[in-house]
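Numbering (the working numbering), first residue to last: 144 to 384.
For every residue, glycine included, the Cβ atom is placed at its ideal position computed from N, Cα and C.
Next up, the structure:
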């Protein structure tokens with residue numbers, strides 16, 4: 144009977160290959176097959192290809208039906224592992240933050256497939272840091288709310304009126320998010336930063352306030368992290384342009 148392989152659900156970090164963990168890099172080098180997501184940085188994908196690894200893109204595109212695609216990914220992990228392969232399931236950031244790492248781990252348990260979770264550096268804190276924005280500051284913020292950019296008015300009504308808000312996947316709903324935060328009571332002059340392609344050579348930072356940031360960032364096309372709060376002002380003190 145063929146020996147079972149193993150699946151490693153690995154966080155690739157925010158995009159810069161040097162921000163991958165040592166363990167993530169070792170597993171990539173040792174893997175028989177790498178299944179990578181859309182949010183894995185281009186530099187990391189290039190590195191994988193230079194290593195000559197067998198890598199398969201399994202990212203979900205806009206036309207995909209989410210759960211159908213997820214079932215396909217689950218079956219790929221299972222079948223490769225059953226054939227004795229060492230599988231790296233590579234995800235952007237950390238696999239257990241706003242991804243489906245938990246769902247995939249549950250599937251592997253159900254199927255009896257050995258697996259391991261390998262945490263990654265999350266874009267939640269690393270992207271703002273590379274843009275000169277601390278998420279907390281003794282004089283400005285002692286709390287952080289982390290959300291996805293869903294356009295849900297009821298959710299935004301419950302957002303706190305102080306502290307820092309970090310929004311992932313908020314590019315396409317930024318205008319409505321800002322309007323709803325203002326309706327919920329946030330000061331329209333609250334500082335906001337939109338960080339595009341964070342931690343990569345193509346990083347771009349657009350700053351403004353709740354009232355005007357959507358217009359300023361209207362031409363952004365890459366993946367973004369949005370930071371709302373007075374901490375955004377610190378980047379100027381640190382000499383970031």
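Annotated three-state conformation of residue 258 is strand, per DSSP. Inclusion of residue 237 and residue 154 in the CB contact set at 7 Å is warranted, their separation being smaller than that value.
Sequence-distant partners of residue 283 (beyond 5 residues in either direction) whose C-beta falls short of 6 Å from its own C-beta, in its chain, are 373, 374. In this structure residue 288 does not touch residue 224 by the C-beta definition: roughly 37 Å separates them, more than the 8 Å allowed.
Of 156, 380, 379, the smallest CA-CA separation from residue 267 is found for 156.
Residue ranges of uninterrupted beta strand (DSSP E) with 3 or more members, entirely inside the region 331-368 and ordered along the chain, are 334-339, 347-352.
Following the DSSP letters along the chain, one finds residue 192 in no beta strand (DSSP E) but inside the alpha helix (DSSP H) bounded by residues 185-193. For residue 222, same chain residues with a beta-carbon under 8 Å away, outside a window of 5 residues either side, do not exist. Taking 4 residues as the shortest admissible run, the region 277-333 contains the following complete alpha helix (DSSP H) segments, listed from N- to C-terminal end: 296-300, 317-326. Comparing alpha carbon positions, the residue from 344, 377, 318 closest to residue 362 is 318. The straight-line gap separating the alpha-carbon atoms of residue 309 and residue 290 is approximately 6 Å. The straight-line gap separating the alpha-carbon atoms of residue 345 and residue 364 is approximately 12 Å. For residue 370, the beta-bridge partners assigned by DSSP are 309, 336. By the criterion of a C-beta distance shorter than 6 Å, residue 307 is surrounded in its chain by 278, 284, 287, 372, 374, once the five residues flanking it on both sides are discounted. The Cβ atoms of residue 240 and residue 265 sit closer than 7 Å to each other. In this structure, the alpha-carbon of residue 161 lies about 33 Å from that of residue 333. Per DSSP, residue 232 lies in no alpha helix (DSSP H); the unbroken beta strand (DSSP E) holding it starts and ends at 229-234. Selection 370, 366, 337, 196 evaluated against residue 358 yields 337 as nearest (Cα-Cα). Here residue 198 is bridged, per DSSP, to 177. Rounded to the nearest whole angstrom, the CA to CA distance from residue 171 to residue 177 is 7 Å. According to DSSP, residue 149 shares a beta bridge with 229. Secondary structure of residue 275 (DSSP, three-state): coil.
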